[in-house]
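> The structure's right below; bear with me while I get my questions together.
Okay, structure coming up:
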């Protein structure tokens, strides 16, 4: 049974997908930010295989970085919780953080699926947050996404612009607000959401419609 949190807690990946429009329903993130211990829809995703593939690529990338004599922190070593002035906490866990010798660093995120805009947004949230964390305080981070097909996407440090932060903070405020955020139920999004009808009565479990309408004047 869902239990209300003592204060809003938002995981970075909930923000990144909504921020770039991969997910339109802000309510799911709002609910998770305000409640914990909720029932989850059983997943059909092969988590074991995904974790093995992800770990294998992560280890490969880490070994290459360390071969150049660079200090690298892995996942739990760079786990963070950052509280804002409003009291809202955002949390995250970058895959790899490579520390440069001159108060710089690179945040790596390892992806085994197809590239998405939310991948970049996720790393940009890390780039914003980590300089506030004690062990990284004052560092200036760039980002790098590494995909299974050897594709690499670099994210410059100045990508975390005032415009980006303005959009991020506005979303955080909506998710953290005491008033529920907007629900946008659809078969596609609900099919990827782990909230059950017990907590989200608007959930749509039917398969996405593939009907083709007729009558277009073209």
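Numbering (the numbering used here), first residue to last: 60 to 277.
Every residue, glycine too, gets a C-beta built ideally from N, C-alpha and C.
#1: For residue 162, count neighbouring Cβ atoms within 10 angstroms of its own Cβ and tell me buried if that reaches 16, exposed if not.
#2: Whole angstroms is fine: what's the gap from residue 75's alpha carbon to residue 176's?
#3: Would you mind reading off the limits of the beta strand (DSSP E) that contains residue 206?
#4: Cβ of residue 109 versus every heavy atom of the ligand NAP: is any distance shorter than 6 Å?
#5: Between which residues of its own chain and residue 70 is the CB-CB distance below 6 Å, once the five residues before and five after are set aside?
#6: Please name the residue, chosen from 158, 217, 247, 210, that lies closest to residue 262 on a Cα-to-Cα basis.
#7: On the DSSP bridge list, what partners appear for residue 213?
#8: Going by other Cβ atoms of all chains shown within 10 Å of its Cβ, with 16 needed for buried, is residue 241 buried or exposed?
#9: Relative to the C-alpha of residue 229, which residue among 78, 181, 251, 180 is closest?
#10: Determine which residues share a DSSP beta bridge with residue 163 and list them.
#11: Consult DSSP for residue 131 and reduce its assignment to one of helix, strand or coil.
So, from the listed chains and residues:
#1: For the purposes of this step, residue 162 is taken as the residue at position 103 of the chain shown. Exposed, since its Cβ has fewer than 16 Cβ neighbours within 10 Å.
#2: Position 16 of the chain shown, counting from 1, holds the residue named residue 75. Position 117 of the chain shown, counting from 1, holds the residue named residue 176. Rounded to the nearest angstrom, the two C-alpha atoms are 9 Å apart.
#3: Position 147 of the chain shown holds residue 206. From DSSP, the beta strand (DSSP E) with residue 206 extends over 199-206.
#4: As far as ligands go, the structure on display features none, and thus does not contain the ligand NAP.
#5: Position 11 of the chain shown, counting from 1, holds the residue named residue 70. 150.
#6: By 1-based counting over the chain shown, the position of residue 262 is 203. Minimum Cα distance to residue 262 is reached at 247.
#7: Here the question's residue 213 lines up with position 154 in the chain shown. Its beta-bridge partners are 203.
#8: Within the chain shown, numbered from 1, the residue matching residue 241 stands at position 182. Result: exposed.
#9: On the chain shown, residue 229 is found 170 positions in, with the first residue counted as 1. Measuring from the Cα of residue 229, the nearest candidate turns out to be 78.
#10: By one-based count along the chain shown, residue 163 stands at place 104. Partner(s): 199.
#11: One-based indexing of the chain shown puts residue 131 at position 72. Strand.
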